[in-house]
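Have a look at the structure below, then the notes.
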Amino acid sequence: MTRNTRPINWIKAARKDFEDFPLGARDVILGILTTAADGGFPAYVKPMKGIGPGVYEIALPYRGEAYRTIYTVHFGEALWVIHAFQKKSKTGIKTPRVEVDVIRKRLVRLTEELR
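Numbering (the working numbering), first residue to last: 1102 to 1216.
In structure tokens form, the structure reads like this:
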């Protein structure tokens, strides 16, 4: 059986932020990204509301902290990681506005670059 695994591409700034995550959190998230690239819909993944179709959020609780990684499958055959951050907001589960703004800007820039 042949799998159609998508390549996983990273926006440079997202990769840099991701590298600041604890090793255990990075390992779990890389496993989740690999499952998504293989066409699965793994645990901790949900569609990112208000951003557009094909954009997903990995919401990983890890050792009392919250880590988020945003990816899209909107561009061709690749899975693109567009943002990674540690959620520090104590005001519920909503993604902070500043992070949503970063995601939107990076999506616009990626769209322009991949035309």
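Every residue gets a Cβ at the ideal spot worked out from N, C-alpha and C, and that includes glycine.
Q: Between the Cα of residue 1130 and those of 1113, 1160, 1147, 1140, spot the shortest distance and give me the residue it belongs to.
A: Numbered from its first residue, the sequence shown carries residue 1130 at position 29. Of the candidates 1113, 1160, 1147, 1140, the one whose C-alpha sits nearest the C-alpha of residue 1130 is 1160.
Q) Within this structure, are the beta carbons of residue 1182 and residue 1134 separated by less than 8 angstroms? A) Position 81 of the sequence shown, counted from the start, is the residue given in the question as residue 1182. Position 33 of the sequence shown, counted from the start, is the residue given in the question as residue 1134. Contact flag set, yes.
Q. Which value, in whole angstroms, describes the spacing of the CA atoms of residue 1126 and residue 1147?
A. Locating residue 1126 in the sequence shown gives position 25, where the first residue counts as 1. Locating residue 1147 in the sequence shown gives position 46, where the first residue counts as 1. Computed Cα separation, rounded: 17 angstroms.
Q | Selection from 1142, 1137, 1123, 1112 that minimises the alpha carbon distance to residue 1166 | A | Position 65 of the sequence shown holds residue 1166. Closest by alpha carbon: 1123.
Q: Quickly, what does DSSP pair residue 1218 with across the bridge? List them, please.
A: The chain is shown from 1102 up to 1216; residue 1218 falls before or after that span and cannot be answered.
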